[in-house]
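Using the UniProt record's numbering, you'd call the opening residue of the sequence shown number 1 and step up by one each time.
To keep things clear, I will list the structure first and then write my remarks on it.
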Amino acid sequence: MFGESYVERKIDFVTGHTGSNVWDITRVTLVAPAAALLWAVLQTRQKFFDPYTPSAYLADFLLQVGAILFAVTAYADNPSVLIGFLLIPAIGTLLNGDNLEHRFNKPAKPPVKEDDAAGPPEPVNPVPVKPFITTYRGAMMIITCISILAVDFPVFPRRFAKVENWGVSLMDLGVGSFVFGAGLVYARQALKEEDEDAPKVPFTIKMNSAVMHSLPMIALGFLRLWTVKGLEYQEHVTEYGVHWNFFFTLGLLPIFVTILQPVIKYIPSYSAFGFALLVPYEMLFTYSDLGMFMFMAPRDDFISANREGIFSFLGYLAIFIVGQGIGMEALRRDVNAATPITQNDEWVAEMLGGTDSLKEVRKTREHNSMIKLGKWTGIWIITYVFLTWHYGPRLTVSRRLANLPYLAWVAAFNCGQLLLFRVIEGMLFPFIYSSRDKKIEQERVKKATSKVLNAFNRNGLAIFCLANVLTGVVNMTMPTLDMNDYQAMAVLISYMGILTGVGLFLDQRNITIKLTNVTSKIMPSPPAAKRRRVDSLGIHKPFVSPLKRNPTATTDQATTTTTPKPSIRVTAPQAPTTPYTPLRSSNLKPSTPLSHQAKTNHDPEIIQAQHHLRALESQIRSLRSQNSVLQQALDITVPHSSSQQTPRLVRLEQKWRKASQQAAEEVFSSFSQNIKDNGGYTAFLKQQQSNQARNFFDDGEQEVGDEENEEEWRDEDGDCLTERGKRQRREEIEAKKQGKEVEAEEEEEEEELTLGSMLQVLNIPFEDIGWDAETQAWK
């Protein structure tokens, strides 16, 4: 459209650059944390973005998008001024205003009795959505979208454009940060797979999903290749090669990451693996002719024509793996001694001798994402300084090669950015994760997250593709090289306004555009009717707290009894020799089976029961994690030294026995009342014997009984009785039965229910729990 000379000018405009320095780029990018700080201060001190009014949307756009846009254009030579404009009002408001978050987001109080009728709170997610991650990825996506179009205008400094061979620049950092951020969120799926309750997905299914995830990206790569060649769009050949582009790199990453996952899980550090992956790659450049091939070889075949994209892929793969390792640290829920104690934690504390003991155990499992990010930021900064140090290897950063110092620089920068956003969140939103209820936590996360940043994070890939399309349209319809700063800023503001508007529209409509949903395709969530049901409370061996519902109850149990205020019922464990069916209290009404929930989903009692069951399913999963707590507690209490092992074991056993005795006494009071309401202990024993008979006489024994019954209807010669003879035989049998029942009633005496008899019914050995059968008291 503009002629060959203009296309050549465009190519010359984006090639041959030597870049800037690390401090210059760091100063510019500090605008994003400063803007996030001002947004958080306005939200916590003034509730400026609650609710989100049109003026709030405009302010959010100016802070999150406008600040970054002006930092890389108009204020590029002096970003400190722009940072000051953001920090001064933030610090002033911070010092003078009252933090409303401390007032409204206090830790939740224990539920009162009226709240118990609504069901227990839904347990929180072990891998929560963290606002500082959303802020980081949203800001990274904004600066990426700005740069891919702004680089074609003179208002964008040339030192920020991609470097030709060696050096650092803002756009070089943006490419690596995009891959780093992709690895960061990929860690969420890896953390979910660590859960013991998560379905184990075969490698073949994972690979198939990775291929399906890669195909759309590769298709976008071919589409970009066709448009660039067909429309004679300007090309920067030394960026990725003649045919290669960034979409091909993104498309191949899932496949290779899936191949390496079985190896990575046996390596203690993802970051160490990513670093080690590039060490031989760097040695090839240093001690072989690969460096000469990359910079000097003619492009006479496919590999040489696309050598930048092919060889740099290994570097981007290492960056992705390092990002995944940082995500494993940043996305995991923080755990410390001050974390609110849940109901399951209360039981663990009881077993250990109080909440103080539980806190001591928690100290061995503490996880603080802020400390982890600070550690890795320091490690990667030291690594980068050493690699580029005059007295070290003296390596130079090269985005074209994606070499080892490039990896260290990208990792250090992104860890530092994550650390800053995490500090802002911890300082101004300290109570986000203090609630036991998932819904309350989600509401707090929503209030602590910018809608603009959330929109860019939620549909980042779709917005990135749209940004590439709009960049092509602008370059083909406007002479960007000849536009002054005011015209360029008008175009860039309009361009970012369109991207922001599309992102907010999708977010408001609750639309998430993804190439493929790998999780749902691999293993869909099972319907509620197929999940495990809990029938009743019980005491088992090994001991499980009777005040918690039995997590081992299975779907083959007959019914589930649920009421708004359920009474405590005790059942014997289903042993092969002494089966026992729980008594049905007259004031309890069995609920409708789960298979018929669809027909009674308007019944308040059924809906309430469903809420209880969903909460219990989550508690069952959390109990598995408590097992690891107890195991670590045992390791602490019982050291490997044989001289100290026995007394510590005895003390731990005494704690367990004391807690078990207290629980048994509590259960006995409700157990005895339940027995009394149902006819006494003798009636209970009869019912138990009847249940044993029903359970142990199988079909084969029933057939034998039928044969015996046939013998009753024959005379002494073996001939069948007549109808009159059968009537006489029935009367004789009835008379015998009645006589035996009268004799039994006269002989039997009402037995007394004791704590020891309850323990016998529940198959709890006296010596294990410490009950003396002779004195009928605890030892």
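A virtual CB, placed ideally from N, CA and C, is assigned to each residue, including glycine.
Exercise for the section: Would you identify the three-state DSSP class for W778, choosing helix, strand or coil? Expected result: Under the three-state reduction of DSSP, W778 is assigned to strand.
Practice task
Using three-state DSSP, classify S670 as helix, strand or coil.
Solution key: helix
Handout entry: Option in V28, D485, A40 with minimal Cα separation from A76
Key = Of V28, D485, A40, the residue nearest in Cα terms is V28.
Problem - Beta-bridge pairing of S20 - partner residues as DSSP gives them - result: V168
Exercise for the section: Would you kindly work out how many angstroms separate the C-alpha atoms of E350 and A659, rounded to a whole number? Expected result: Because the pLDDT at E350 is just 49, under 50, the model does not fix this residue reliably, and the value given afterwards should be weighed accordingly. Computed Cα separation, rounded: 7 Å.
Exercise for the section: Please say whether S288 and A297 have beta carbons closer to each other than 7 Å? Expected result: no
Problem - Status (buried if at least 16 other CB within 10 Å, exposed otherwise) for N21 - result: exposed
Exercise for the section: Quick one: using the 10 Å Cβ neighbour count with 16 as the cut-off for buried, is S312 buried or exposed? Expected result: With at least 16 other beta carbons inside 10 angstroms of its own, S312 counts as buried.
Practice task
For the alpha helix (DSSP H) containing N468, list its first residue and its last residue.
Solution key: Where N468 is concerned, the enclosing alpha helix (DSSP H) stretches over 460-477.
Exercise for the section: Taking A402 and G315 to be in contact with their CB atoms under 8 Å, please state how far apart those CB atoms are, rounded to whole angstroms. Expected result: 2 Å
Handout entry: Proximity below 7 Å, CB of V163 to CB of G19
Key = yes
Handout entry: DSSP state of T244 mapped onto helix, strand, coil
Key = Position check: residue 244 holds Trp in this sequence, whereas Thr was assumed. Residue state, collapsed to three classes: coil.
Handout entry: Beta-carbon gap between T377 and C415 smaller than 7 Å
Key = Using a Cβ distance threshold of 7 Å, T377 and C415 count as a contacting pair.
Handout entry: Which listed residue (S757, M292, E193, N96) has its alpha carbon closest to that of P262
Key = E193
Problem - Through-space distance from R9 to T227, alpha-carbon basis - result: 20 Å
Practice task
Take N457 as the anchor and find which of P131, A40, L63, G84 has the nearest alpha-carbon.
Solution key: P131
Exercise for the section: Using the Cα positions of P79 and V185, report the straight-line distance between them to the nearest angstrom. Expected result: Their backbone Cα atoms lie some 30 Å apart in a straight line.
Practice task
Examine the Cβ distances between the segment 448-457 and the segment 503-510 and report whether three or more of them are shorter than 8 Å.
Solution key: With the cut-off at 8 Å, the segment 448-457 and the segment 503-510 touch.
Exercise for the section: Return the CA-CA distance between T238 and L428, expressed in angstroms with no decimal places. Expected result: 45 Å
Problem - Three-state secondary structure (DSSP) of W389 - result: coil
Practice task
Identify whether D50 lies in helix, strand or coil by the three-state DSSP scheme.
Solution key: D50 falls in the coil class under three-state DSSP.
Handout entry: Secondary structure of V163, DSSP reduced to three states
Key = coil
Handout entry: Beta-carbon separation (whole angstroms), V410 vs L173, contact threshold 8 Å
Key = 7 Å
Practice task
Would you mind sorting K206 into buried or exposed? The rule is 16 or more other CB atoms within 10 Å of its CB.
Solution key: buried
Practice task
Kindly identify the DSSP beta-bridge partner or partners of W771.
Solution key: Partner(s): W778.
Handout entry: For F246 and L215, the rounded distance between their alpha carbons
Key = 14 Å
Problem - Secondary structure of residue 796, DSSP reduced to three states - result: Since the first residue of the chain shown is 1 and the last is 779, residue 796 is not available in this structure.
Problem - H243 vs L225 beta-carbon contact at 7 Å - result: yes
Handout entry: Burial state of R299 (16 or more Cβ within 10 Å)
Key = exposed
Exercise for the section: Report yes if the CB atom of L407 is closer than 7 Å to the CB atom of I319, and no otherwise. Expected result: Result yes, Cβ atoms of L407 and I319 sit closer than 7 Å.
Handout entry: C-alpha gap between N674 and E665, whole angstroms
Key = When rounded, the separation of the alpha-carbon atoms in N674 and E665 is 14 Å.
Exercise for the section: Write down every uninterrupted run of the alpha helix (DSSP H) in the segment 483-512 whose length is 4 residues or greater and which is fully enclosed by it, in chain order. Expected result: 485-508
Handout entry: From D301, I321, V279, residue whose alpha carbon lies closest to that of I259
Key = I321
Exercise for the section: Taking residue 786 as part of the alpha helix (DSSP H), name the residues at either end of that continuous run. Expected result: In this structure the chain extends from 1 to 779, so residue 786 is not present and cannot be described.
Exercise for the section: Drop a sphere of 10 angstroms on the beta-carbon of I88, count the other beta-carbons inside from all chains shown, and report buried for 16 or more, exposed for fewer. Expected result: exposed
Handout entry: Cβ-Cβ distance between S400 and E308 below 7 Å
Key = The identity of residue 400 in the sequence shown is Arg, whereas the question assumes Ser. Cβ atoms of R400 and E308: closer than 7 Å.
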